[in-house]
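If you use the numbering used here, the sequence shown closes out at 874, no skipped numbers anywhere.
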Amino acid sequence: MLQTLIGPITELAGGWLNAKTQAQQANAKLKLTEAEAKAKILVSKETSVQDWERIMAQGSQNSWKDEWLVLLFSIPLILVFTGEQGRTIVAEGFTALEQMPEWYQYTLGVIVASSFAVRSATKFFGRK
747 MLQTLIGPIT
757 ELAGGWLNAK
767 TQAQQANAKL
777 KLTEAEAKAK
787 ILVSKETSVQ
797 DWERIMAQGS
807 QNSWKDEWLV
817 LLFSIPLILV
827 FTGEQGRTIV
837 AEGFTALEQM
847 PEWYQYTLGV
857 IVASSFAVRS
867 ATKFFGRK
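And the structure:
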């Protein structure tokens, strides 16, 4: 009699353990699949950024835009060392720039960012 009860109980317990093991395996597989998908997205995103930066660098090889901006940004730097009159000119110039519309100020920032590595420039402008 005991033998006839043990067989079905053993089968029931074995089935329950088997189902639990399969559920855990399925859950682990799902987590692995999600992690792999996230990794692919991150790699794709990073590759896209690198490709864009490479294309922009190639496009600006024959451009004077960077040199022009360096020269333009150097003018106030040089003027502040020319005495009180130079410092006054620089101070008044920056005061005038502060009074420009915000869209103009942001446009200048975008121009500089597009010329001198967008990622580092946007980090700089983001510190405001």
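Even for Gly, the Cβ is constructed at its ideal location relative to N, Cα and C. These figures come from a predicted structure and were not determined experimentally.
According to the DSSP assignment, Val816 belongs to the alpha helix (DSSP H) that extends over Lys811 to Leu825.
Taking a C-beta distance under 8 Å as the contact criterion, Ser861 and Asp797 do not qualify as a contact pair. By the CB criterion at 8 Å, Val858 and Leu815 fall inside the cutoff. As the crow flies, the alpha-carbon of Glu757 is around 18 Å from that of Ala769. The continuous stretches of alpha helix (DSSP H) do not include Gly829, and DSSP gives it neither H nor E.
In the three-state reduction of the DSSP assignment, Gln845 falls in the coil class.
Under the criterion of beta carbons closer than 8 Å, Pro847 and Val836 do not qualify as touching, at roughly 21 Å.
Across the structure, Thr767 and Gly760 are spaced so that their CA atoms are roughly 10 Å apart.
It is roughly 22 Å from the alpha-carbon of Ile801 to the alpha-carbon of Leu854. Cα atoms of Glu844 and Tyr852: separation of roughly 11 Å, rounded to the nearest angstrom.
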